[in-house]
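Everything on this sheet refers to the single structure shown next.
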Amino acid sequence: MQHELFNAIRNTCILCGLSCLLAVPIGAFLAILLVRTDVRGRTFAWLAIGSQLTLPLYVFAGGWSAAMGTQGWARVFGPNLLPAPSSLSNLLAVAIVHGLAAIPWVCLILSLGLLWTDRGEEETARIEGGTAQLLRFVVLARLRVWFAASCLWCCFSILTEMVVSNLYQVTSVAEQIYLDASRGSLSPLTYLAAAFLCVLPILGTGIGWFYCAPPWQAVIARVARFKPPPIPLGRWRLVTTLAVQALVLGLVAIPLASLLTKAGWRPYVDPSGATRFGWSWERLTTTLVESTTLFRQEFYWSITLALASTIVAGAVVGLLLCVSSRRGYRAGLSLLMLFPLAIPGPLAGIIVIWCLNRSTPAWLGELYDHTLAAPILAQQFRLLPLAWLLALTVLASIERGTWEQWKLDGGRRWHAFRYVVFPQVGQHGFVAAMLLFVFSLGELSSSILVLPPGVTTISMRLFEMLHFGMRHQDSGLCILLMLIGWLFSAACWKTLSER
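If you use the numbering used here, the sequence shown corresponds to residues 37 to 535, in order.
Here it is as structure tokens:
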């Protein structure tokens with residue numbers, strides 16, 4: 037047991053380092069070029085990047101496994117280019133999947149930091165040392181706090197999620213918690229490792245970033261009302277545009293094209309009687325139809341669970357906003373939201389089991405065994421912090437003068453939603469609710485241990501299927517979840533562009 041835990045701690049540290057090395061430079065490259073330069077094609081690039089924000093980790097793993105996995109097309113055309121499956125190659129695969137999944141988030145986080153500019157300081161740096169000195173000593177220097185947040189996010193999924201490590205059979209701390217819970221032998225050492233390696237680092241870094249970063253309300257106001265002056269690329273504009281579009285297309289199109297290839301791949305017999313393999317639209321259409329019809333029960337439970345979890349998270353956050361109207365109270369609640377976020381997903385499931393799986397009172401056992409109460413409660417460890425952040429974002433986008441005028445007119449607090457919030461940011465609230473729904477639809481690590489008997493969600497079914505390699509139906513399900521990501525990205529772009 038101690039040897040397994042030592043390997044889990046070692047693998048977790050290695051995965052965090054490799055993920056940061058992959059995601060942070062690429063995300064910074066994209067963020068700087070898309071926010072601070074006059075590169076072309078920014079709308080498409082942001083749409084493509086936004087489509088990846090809501091994708092579950094197992095969809096990333098499925099998409100890249102369809103390309104580079106044991107049954108991927110890359111091994112067919114270049115069998116000697118990729119290493120054979122081993123403990124080292126699996127460790128690298130987990131780090132790459134986590135890093136690729138973190139790139140869109142790193143790009144988004146650093147884009148927020150790039151909005152904090154000083155035009156006079158930038159002009160002085162450009163005159164004295166040119167664009168290179170401007171980027172090195174002004175633009176990048178102002179991103180230290182945001183680089184820390186980006187590294188924290190890269191490590192966050194590794195410290196709290198076990199999906200990818202389970203698929204590739206690489207032991208991490210979160211995976212060790214899940215394995216111990218599945219075997220019914222959770223060691224106290226595992227709790228200590230989760231506390232000191234997962235919970236405390238996330239809490240410490242998050243609290244430090246909270247006090248060093250600008251207020252969130254000021255960040256949102258900056259996003260809504262400020263556009264930094266673009267740095268002209270001159271003769272490098274075409275080359276940079278091609279590089280950005282190629283990178284974005286590579287991140288988005290390779291897994292999607294690989295899944296489409298897998299979904300339409302079929303055997304056939306040629307005129308000579310030999311068995312061949314090829315791709316057809318008919319097989320692709322059949323796969324997509326099967327993915328939506330054969331898993332109707334799983335889609336039903338997933339949608340029901342996502343709706344209920346979204347409603348619960350929204351109701352709790354709404355209640356917290358009503359009782360914490362003062363700014364100091366909301367700052368304290370923001371810090372408090374870091375605690376459920378820092379708990380590894382399997383450990384959240386264990387906490388829910390400890391709370392609900394009891395013989396007395398009897399109604400707790402009924403809730404645990406015969407309702408969706410347990411997975412709904414487990415998902416709140418992820419949805420509540422996200423719902424709180426989205427609510428603060430929506431409220432921060434309302435003009436300060438509107439609130440002040442409402443208070444001067446003697447308006448009641450309970451009427452503010454109807455006459456102030458909903459008319460100005462009702463559409464933003466709908467997009468935020470949709471984001472919560474999509475995240476809940478794909479969530480797995482927190483709820484995998486507490487799904488009641490007879491309930492199988494689409495995330496659970498797809499997770500089980502991915503253990504056996506990429507085939508038709510699991511490829512079709514991954515394509516459908518990617519389509520949901522694109523629809524969400526388009527909805528966000530439409531809402532923000534109208535704003």
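Every residue gets a Cβ at the ideal spot worked out from N, C-alpha and C, and that includes glycine.
All values derive from a computational prediction rather than experimental measurement.
Checklist entry - Which term fits PRO265, buried or exposed, when burial requires 16 or more other beta carbons within 10 angstroms of its beta carbon? => result Working through the sequence shown from its first residue, we reach residue 265 at position 229. Classification of PRO265: exposed, given that the 10 Å Cβ count is below 16.
Next on the checklist: Excluding the 5 residues flanking SER147 on each side, which residues of the same chain have their C-beta closer than 8 Å to its C-beta?
Outcome noted: Within the sequence shown, numbered from 1, the residue matching residue 147 stands at position 111. So the list reads ALA67, LEU70, VAL71, once near-sequence residues are dropped.
Item to check | Within 7 Å, strictly: CB atoms of SER483 and PRO411 | outcome: Position 447 of the sequence shown holds residue 483. Position 375 of the sequence shown holds residue 411. Cβ distance < 7 Å, so SER483 and PRO411 count as in contact.
Next on the checklist: Can you give me the C-alpha to C-alpha distance between ALA279 and LEU51, rounded to a whole angstrom?
Outcome noted: What you label residue 279 is simply residue 243 of the sequence shown in a count that begins at 1. What you label residue 51 is simply residue 15 of the sequence shown in a count that begins at 1. In a straight line, the C-alpha of ALA279 is about 27 Å away from that of LEU51.
Checklist entry - Cβ of ALA299 less than 7 Å from any chain B Cβ? => result No chain B is present in this structure, which holds just one protein chain.
Checklist entry - Just checking, does the segment 44 to 58 make contact with the segment 199 to 212 on the three C-beta pairs under 8 Å criterion? => result yes
Checklist entry - Whose C-beta lies closer than 6 Å to the C-beta of ALA249 among residues of the same chain, with five residues either side of it excluded? => result Within the sequence shown, residue 249 is the residue found at index 213, counting from 1. Same-chain partners within the cutoff: VAL181.
Next on the checklist: My parser needs the beta strand (DSSP E) runs of 3 or more residues fully inside the segment 164 to 243; what are they?
Outcome noted: none
Item to check | Where the beta strand (DSSP E) through PHE313 begins and ends | outcome: Walking along the sequence shown from the start, residue 313 turns up at place 277. First-last of the beta strand (DSSP E) with PHE313: 311 to 315.
Item to check | Delimiting residues of the alpha helix (DSSP H) encompassing TRP252 | outcome: For the purposes of this step, residue 252 is taken as residue 216 along the sequence shown, with counting starting at 1. Segment 252 to 261, the alpha helix (DSSP H) holding TRP252.
Item to check | Pick from SER218, ASN202, GLU197, GLN253 that is closest to ALA230, judged by C-alpha positions | outcome: The sequence position of residue 230 within the sequence shown is 194, counting from 1. Here the closest residue by C-alpha is GLU197.
Checklist entry - Nearest to CYS528 by alpha carbon, out of GLN88, PHE42, PRO421, LEU215? => result The count along the sequence shown starts at 1 and reaches residue 528 at position 492. Closest by alpha carbon: GLN88.
Next on the checklist: Under 8 Å: do the segment 152 to 170 and the segment 210 to 229 share three or more Cβ pairs, one atom per stretch?
Outcome noted: no
Item to check | alpha helix (DSSP H) segment containing TRP82, residue limits | outcome: If you number the sequence shown from 1, residue 82 lands on position 46. Where TRP82 is concerned, the enclosing alpha helix (DSSP H) stretches over 78 to 87.
Item to check | Distance CB(PHE262)-CB(LEU151) smaller than 7 Å | outcome: Working through the sequence shown from its first residue, we reach residue 262 at position 226. Working through the sequence shown from its first residue, we reach residue 151 at position 115. For PHE262 and LEU151, yes; Cβs fall inside 7 Å.
Checklist entry - Can you name, in chain order, every residue of its own chain whose Cβ lies under 7 Å from the Cβ of THR557, other than the five neighbours on each side? => result Past the boundaries of the shown model lies residue 557; the chain is included only from 37 to 535, so the question cannot be answered.
Item to check | Own chain partners of VAL16 with C-beta closer than 7 Å, once the 5 adjacent residues on each side are dropped | outcome: Shown here, the chain extends from 37 to 535; a query on residue 16 therefore has no answer.
Next on the checklist: For LEU285 and LEU502, I'd like the C-alpha separation in whole angstroms.
Outcome noted: Within the sequence shown, residue 285 is the residue found at index 249, counting from 1. Within the sequence shown, residue 502 is the residue found at index 466, counting from 1. Cα to Cα, LEU285 sits roughly 24 Å from LEU502.
Next on the checklist: Check this for me: beta carbons of THR241 and VAL75, under 7 Å apart or not?
Outcome noted: For this step, residue 241 is matched to residue 205 along the sequence shown. For this step, residue 75 is matched to residue 39 along the sequence shown. Result no, Cβ atoms of THR241 and VAL75 do not sit closer than 7 Å.
Checklist entry - Which partner residues does TYR304 have in the DSSP bridge list? => result Here the question's residue 304 lines up with position 268 in the sequence shown. Paired residues: ARG312.
Item to check | GLU500 - containing alpha helix (DSSP H), residue span | outcome: Numbered from its first residue, the sequence shown carries residue 500 at position 464. Here the alpha helix (DSSP H) through GLU500 covers 494 to 502.
Checklist entry - Looking only at its own chain, which residues have a Cβ that is under 6 Å from the Cβ of TRP522, when we skip the five neighbours before and after it? => result Along the sequence shown, one-based indexing puts residue 522 at 486. So the qualifying residues of the chain are SER87.
Checklist entry - Helix, strand or coil: how does DSSP classify ILE132 here? => result Your numbering for residue 132 matches position 96 in the sequence shown. Helix, per DSSP.
Checklist entry - What is the DSSP secondary structure of ILE68, reduced to helix, strand or coil? => result Counting from 1 along the sequence shown, the entry for residue 68 is found at position 32. Helix.
Checklist entry - Using the C-alpha atoms, what's the distance from LEU128 back to CYS190? => result Counted from its first residue, the sequence shown places residue 190 at position 154. Counted from its first residue, the sequence shown places residue 128 at position 92. Cα to Cα, the separation comes out at about 15 Å.
Next on the checklist: Under 8 Å: do the segment 321 to 332 and the segment 470 to 477 share three or more Cβ pairs, one atom per stretch?
Outcome noted: no
Item to check | Residue range of the unbroken alpha helix (DSSP H) whose run includes ILE386 | outcome: In the sequence shown, the residue the question calls residue 386 occupies position 350. Start and end: 381 to 392.
Checklist entry - Below 8 Å, can you find three or more Cβ-Cβ pairs linking the segment 88 to 104 to the segment 58 to 66? => result No, the segment 88 to 104 does not touch the segment 58 to 66.
Item to check | Own chain, CB closer than 6 Å to VAL95, minus 5 neighbours either side, in chain order | outcome: The residue labelled residue 95 in the question sits at position 59 within the sequence shown. Non-local beta-carbon contacts of VAL95 in its own chain, meaning distances under 6 Å to residues more than five positions away in sequence, involve CYS514, LEU517 in chain order.
Checklist entry - Between the beta-carbon of ALA423 and the beta-carbon of VAL348, is there less than 7 Å? => result Here residue 423 refers to the residue found at position 387 when the sequence shown is read from its first residue. Here residue 348 refers to the residue found at position 312 when the sequence shown is read from its first residue. Going by beta carbons, ALA423 and VAL348 fall outside the 7 Å limit.
Checklist entry - What are the boundary residues of the alpha helix (DSSP H) that THR340 is part of? => result Translated into positions along the sequence shown, residue 340 becomes position 304. Its alpha helix (DSSP H) spans residues 332 to 359.
Next on the checklist: Please list the terminal residues of the continuous alpha helix (DSSP H) segment that includes SER433.
Outcome noted: Locating residue 433 in the sequence shown gives position 397, where the first residue counts as 1. Taken as a continuous stretch (DSSP letters only), SER433 belongs to no alpha helix (DSSP H), as it is neither H nor E.
Next on the checklist: Quick check on the burial criterion: 16 or more other C-beta atoms within 10 angstroms. Buried or exposed for VAL359?
Outcome noted: For this step, residue 359 is matched to residue 323 along the sequence shown. Exposed, because fewer than 16 other Cβ atoms sit within 10 Å of the Cβ of VAL359.
Item to check | Exposure label - ALA398; buried when at least 16 CB within 10 Å | outcome: Against the sequence shown, residue 398 aligns to sequence position 362. Exposed, because fewer than 16 other Cβ atoms sit within 10 Å of the Cβ of ALA398.
Checklist entry - Per DSSP, GLY73 forms a beta bridge with which residues? => result Translated into the one-based positions of the sequence shown, residue 73 becomes position 37. In the sequence on display, residue 73 carries Thr and not Gly. Beta-bridge pairing links THR73 to ILE267.
Item to check | Cα-Cα separation, SER193 to ILE243 | outcome: Taking the sequence shown and counting its residues from 1, one reaches residue 193 at position 157. Taking the sequence shown and counting its residues from 1, one reaches residue 243 at position 207. Rounded to whole angstroms, SER193 to ILE243 spans 18 Å at the Cα level.
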